[in-house]
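Quick notes on the structure that follows.
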Amino acid sequence: MSASPNDTQDYVGFDTITQQMERKFLKRGFNFNVILVGESGMGKSTLINSIFASHLIDTQGRRAAQEVIRKTTEISPVTQTLEENGVRVKLTIVDTPGYSDQCNNEGCWIPVIKYIKDQHAAYLERELKPLRDRVIVDTRIHACLYFLNPGSRGLRPLDVEVLKRLTEVTNVIPIIAKSDSMTIEERTAFKRRIKEELAFHRIVVFPYPSDEDTEEDRVLNASIRELIPFAVVGSEEVIEVNGKLVRGRRHGWGVINIFDESHSDFVHLRNFMLRTHLSDLVEVTAQRHYEQFRTSQLRQIKELRAQQAAAAATGGAPPMPSQAPPQAPMASGVMHQPMTQA
Amino acid sequence: MAPSAPSINSTMSSRMATPRPSSYRYKSEKRGMTYNIMLVGQSGLGRRTFLNTLCEREVISPPEAPNPETANIADPMRFDTYEVNIEEEGTRISMTVIDTPGFGDGLDNTECFKQLQDYIEAQFDEVLVEESRIKRNRRYRDHRIHTLIYFITPTGHSLRELDIELIKRLGEYVNIIPVIGRADSLTVEELATFKQNVMRDIDYYKLPLYNFCWDESDSEALKENREIMDYTPFSVVTCDEVLDNEFGAVRVRRYPWGSIEIDDEGQCDFALLRYILLNSHIADLINYTEDVLYENYRTKKLEVGGFGEGEDQGDEENDEDDEVLGAKNE
């Protein structure tokens, strides 16, 4: 509590709460969980490694002929702690190898939706414990990067199916990762079509408008929405361009600098995800998606209890005897019917 | 504007320059060779622009923007036929191209392979019937598919289940030539690695691609064909845009970081592939289809005995003739 230059008798000093919070934050660190959804070869691992400027995950695509073709979508989370200027983030990247990779992709989204809902369920369970941790470990997915296929004229049938379901449970950010095979005109046309189709199917992606938004927030969000889907190029390779070392890709006909805004939206995406909307992503997950999940789960328990009470009152056998009693409700195994409805 | 022949080997081009009188090519030069190509691949890999670039004009116009309502309903696979007459180095080719929009674009694509197989077999069956008629139609147009160009997604990894299944199922009915669509999304190193990985998968799964070296009689040609096989799968970049520069009209794709010239062999294999498809190997592809693939099919079909009734819109006289023929075959 050093003397502030404002120290007149009327200065109360509660504005130092921001510094107090910052100190707590620095001590505690925070969790940030991202899930990557897209068929293999769309550039998912390269992009996330580029965004965080470190080799976080390996690509899970098939490289050797002996590697078996996956028959189903697998969930593959990798957790690492990164530190920047004293701030620690426990970063979990969840890859989904096998998604949309088979001849028959019916239901390939089910493991993904289940995983996201399971994290909500796990958090709810921890929250409902009589003796709970001071800081609840947060494994909920804060952002879902959804990778679109460059070259398609718009959303594919699979995209529509999956985006509808994903946007109900998490913040979705649509991305074209290998956009270096699209000319600027093609990109513009593609973005326009995607926005039209998203609007038509009433698929709402992050950022969401909110009553708390200031004018500044609205302008920023509007400019973000203009860019969606982000046409990015990722690279873990550093190459030399005009004597400078940049992260980029070297083609036979030119060199792409991923940080060049005229080449790709990479900088915008990174700033959006990490520099302007990072805390929003975490907060909105808690306030919107988790709350929705929690409400529907608790309502179901209430209904279940009411049914059991009614059955007990009429003297009949308790309904659904296979389910465990409501006191231990949130273990993923018990209420598994509603949760895995994808 | 036709791209010049790539420098594979000068003897190759001279081999084609003077057609032997008995050769297929000589006989059909007057009429125009009948040549049927099928394009198969997921949407967005450049089938339409490939055809336009191949024929040097807009054969398939860009699709009009569909309504958002209908855009995402998975359309079943279609077979769209385009007739193109082109002239390549003095030879007239009467080409039919069959595009297959909808392949691999739905949620469940397992039906696509059967549809393709049925289509290809149907063309064989037509010829089988026609061949066995007493009175054959002199104007009969052969619709057998001589080449199937299969577009692979440039993932940079290896083949996907869809790719493997397709080649496995159709390789015995049609010459399959694999190409990498949108190859400009790969750097030079990535392309080399990808080609290697794909070929390793081809070997491992024993996938029946068109074997350029099937005719082992001509050792010169064999050497050249081995070199050509090193290029598979062919990297393809195509575009609709034509630019005028000091050398004339050039086909380019322009990016903020540079432009790629489609016809430049150093940048993609399009020019080589075009030469193979329409010049140097057109006869080989047709011959292999007729002499090997069709013959194998015919043998199998006749052994099984599923043939004998000729389909005819003709009169009773023809029916009797066919019955006689059926009896002879037994």
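Order-wise, the sequence lines are chains Y and B.
Using the working numbering, the first residue of the first sequence is number 1, and each one after it goes up by one.
Using the working numbering, the first residue of the second sequence is number 1, and each one after it goes up by one.
Just so it is clear, CB atoms sit at the ideal spot from N, CA and C, and this is done for glycine as well.
Treat the numbers as computed from the prediction; the structure is a model and nothing was measured.
Item, Value
"Burial state of B:R251, where buried means 16 or more other Cβ atoms lie within 10 Å", "buried"
"Contacting positions in the region 89 to 112 of chain Y - beta carbon closer than 7 Å to chain B", "D101, Q102, C103, N104, N105, E106"
"Host beta strand (DSSP E) of Y:H251 (start-end)", "244 to 251"
"Interface flag, B:I260 vs chain Y, CB-CB below 8 Å", "yes"
"Close Cβ partners of Y:S264 (< 8 Å) along its chain, the five nearest in sequence each way excluded", "S179, D180, A231, V232, V233, I256, I258"
"Pair within 8 Å by beta-carbon distance, Y:T170 and Y:I141", "yes"
"B:F50, buried or exposed, once every other Cβ within 10 Å from all chains shown has been counted against 16", "buried"
"Separation of B:K300 from B:T187, as counted between CA atoms", "45 Å"
"Buried or exposed (CB count within 10 angstroms, at least 16 for buried), B:S14", "Reliability fails at B:S14, whose pLDDT of 43 lies under 50, so the model's placement of it is uncertain and the value that follows must be treated cautiously. With fewer than 16 other Cβ atoms within 10 Å, it is exposed."
"Option in B:I180, B:E131, B:R47, B:D105 with minimal Cα separation from B:V97", "B:R47"
"Under the three-state DSSP convention, the category B:A249 falls into", "strand"
"Within the region 202 to 265 of chain B, ranges of the beta strand (DSSP E) (whole runs, at least 3 residues)", "242 to 245, 248 to 255, 258 to 261"
"Cβ pair Y:T73, Y:Y99 closer than 8 Å", "yes"
"Same chain, Cβ closer than 6 Å to B:Y231, neighbours up to 5 away in sequence not counted", "D269"
"Residue-level contact to chain B via CB, Y:K129, 8 Å cutoff", "no"
"is_contact[Y:N149, chain B] using C-beta, thresh 8 Å", "yes"
"Same chain only: Cβ atoms within 8 Å of Y:V34, ignoring 5 sequence neighbours per side", "I48, L91, T92, I93, V94, I141, H142, A143, C144, L145"
"B:T289 CB to nearest heavy atom of the ligand GTP below 7 Å", "Among the ligands in the structure shown, none appear at all, so the ligand GTP cannot be discussed."
"Of the listed residues B:G102, B:E111, B:L273, nearest to B:E227 (C-alpha basis)", "B:L273"
"At least 3 beta-carbon pairs within less than 8 Å: the region 255 to 270 of chain B vs the region 205 to 216 of chain B", "no"
"Against chain Y: residues of the region 258 to 284 of chain B by CB proximity under 7 Å", "G258, S259, I260, G266, Q267"
"Distance CB(Y:K164)-CB(Y:H120) smaller than 8 Å", "no"
"Proximal residues to Y:T375 (C-beta, below 8 Å), its chain only, five neighbours per side dropped", "No answer is possible for residue 375 of chain Y: the residues shown for chain Y start at 1 and end at 342."
"DSSP three-state assignment for Y:Q20, whether helix, strand or coil", "helix"
"For Y:E74, the three-state DSSP class (helix, strand or coil)", "coil"
"Y:R305 versus Y:A312 - alpha carbon distance", "10 Å"
"Exposure label - Y:K117; buried when at least 16 CB within 10 Å", "buried"
"Counterpart residues of Y:R88 in DSSP-defined beta bridges", "Y:E83"
"For B:R182 and B:P154, believed in contact at Cβ under 8 Å, the rounded distance", "6 Å"
"Residue from Y:P207, Y:L227, Y:L281, Y:S40 whose Cα sits closest to the Cα of Y:E261", "Y:L227"
"Beta carbon proximity, B:Y210 to chain Y, threshold 8 Å", "no"
"Within-8 Å CB hit, B:D108 to chain Y", "yes"
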